[in-house]
Amino acid sequence: MDLDRLFDNNVAWAQRKTQEDPTYFVRMAEQQSPQYLWLGCSDSRVTANDVLGLDPGAVFVQRNIANIAHSNDMNLLAVLEFAIDILKVRHLIVCGHYGCGGIRRALGEDRSALVDHWLQPVVTLYRRHRAVFDAIADDNARIDRMCELNVEMQVRRIASIPTVENAWARGQELHLHGWIYGMHDGLLRDLGPTVTSMEERDALPPIDDRVARPVEPDTGVRRHAIDAFTKLLDEKGG
Ligand code: CO
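Just so you know, we're using the numbering used here here: the sequence shown kicks off at 62 and counts up by one.
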C-alpha cells in the first residue's frame, strides 16, 4: 500500500544518509541553526530545501497558499518571532512561483471558498489595477505577472511587521528578499526588493507604483549562473 512505501522510502533515506555521513543524525539531533527563513507557497512542487540545494537544518520554513504574509496570521507571527529572535536568521526569503494556483484563483471570479478570504490582498491589488492586468492578453502571462507582484507586495508587508522592525531597531542583521521560482526550469529569480532596514523599506515605491512597471528579475552573479544553465538546456535541445 502507498503509505508503506513512504516508510520504506524513509528507512532507505536514513540508511543512505548514515552511510554517506555516519554522524549526520547525531549532529541533526543536537541543534538547528538555520540562517534562512523561507516563506513560500504550499504548492507541492516548491520545496525549499530541494530548490535551495540545502540539507535539513539549514532553512526554517513557513508555507501557505500563495506565500502571503497576513499581519494577523498567528502561525506566521510565531514563526517570525522564533526565527528572528531565537534562531537569529539573517535572511528572510519570500519565494513565490510562476503558475501559482492561488494567484490564478485570485484573478478569477469564483469567491466561494475560505481560500478567497486568504487571497484577499491579491484580489484587492487586482481590482485596483484591473485595467493593467486585463490588458495582458495571455492568461498565463497575466497570472505570472501577478505572481511577481505578489512577492514584491509580501516583502513590503513583512517589512512592516513589528517583529521585523524591532530586529532592525536593535541593530540585528536581517535581510528581506523577494524571489520567484520557475517550475518549468527549476530556477530561482531574484525579483527584489531586498530590504535591510526601516529606511530602505520606507524608501520603496508603493506596490501600486510597481504594477505598471516591468519587473527586473535576476542580478549579477545569479544571472550568470542562470545563463550557464539555460545554455546547457539549449545544447541538450530542451
Ligand atoms: Co502557489
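Where is the CB? At the ideal position from N, CA and C, for every residue including glycine.
Proximity winner among the options, relative to residue i (alpha-carbon distances)
i: Pro223; options: Asn128, Met89 and Ile145; result: Ile145
i: Asn136; options: Gln123, Gln80 and Asn71; result: Gln123
i: Ile154; options: Ile197, Met207, Ile219 and Leu248; result: Ile219
i: Ala75; options: Met89, Val107 and Asp63; result: Met89
i: Asp263; options: Leu248, Asn227, Ser221 and Arg231; result: Ser221
i: Asn227; options: Asp65, Glu142 and Ser94; result: Glu142
i: Tyr206; options: Cys161, Glu234 and Asp295; result: Here residue 206 is Arg; the residue named in the question, Tyr, does not match the sequence. The residue with the shortest Cα to Cα distance from Arg206 is Cys161.
i: Ala230; options: Met259, Asp269, Leu294 and Leu168; result: Met259
i: Asp199; options: Leu168, Gln181 and Met214; result: Leu168
i: Val225; options: Val140, Asp82 and Ile197; result: Val140
i: Asp195; options: Ala273, Thr79, Glu81 and Lys292; result: Ala273
Contact test: residue i Cβ vs the ligand CO heavy atom, cutoff 6 Å
i: Gly169; result: no
i: Gly232; result: no
i: Asp104; result: yes
i: Cys156; result: no
i: Gly163; result: yes
Residue span of the alpha helix (DSSP H) that contains residue i, given as start and end
i: Ile219; result: Asp200 to Ala220
i: Asp195; result: Arg191 to Asp195
i: Asn128; result: Where Asn128 is concerned, there is no enclosing alpha helix (DSSP H), given that its DSSP letter is neither H nor E.
i: Leu64; result: Asp63 to Glu81
i: Val87; result: Tyr85 to Glu91
i: Thr224; result: Pro223 to Ala230
i: Val176; result: Leu175 to Trp179
i: Leu113; result: Ala109 to Leu113
i: Asp269; result: Ile268 to Val272
i: Arg262; result: Met259 to Ala264
i: Ala167; result: Gly162 to Ala167
Anticipated Cβ contact below 8 Å, residue i with residue j, distance rounded
i: His178; j: Cys102; result: Not quite, the Cβ-Cβ distance comes to about 17 Å (not below 8 Å), so this is no contact.
i: His238; j: Asp246; result: Contact doesn't hold; Cβ gap of about 20 Å is too wide.
i: Val256; j: Val216; result: 6 Å
i: Val127; j: Val183; result: Note that residue 127 is Ala in the sequence shown, not Val. About 6 Å separates the two Cβ atoms, so the contact holds.
i: Leu210; j: Arg271; result: 6 Å
i: Tyr97; j: His131; result: Actually they do not touch by this definition, with Cβ atoms about 21 Å apart.
i: Leu148; j: Pro95; result: 6 Å
Span of the beta strand (DSSP E) around residue i
i: Leu137; result: No beta strand (DSSP E) holds Leu137; the alpha helix (DSSP H) holding it covers Met135 to Glu142.
i: Tyr97; result: Tyr97 to Cys102
i: Val155; result: His152 to His158
i: His238; result: His236 to Gly243
i: Arg250; result: Leu248 to Asp251
Open item on the list: Is it the case that the region 112-120 contacts the region 166-180, given that we only count it when at least three CB pairs across the two stretches are under 8 Å?
Closed with: no
Open item on the list: For the structure I just gave you, are there three or more beta carbon pairs, one from the region 181-189 and one from the region 226-245, closer than 8 Å?
Closed with: no
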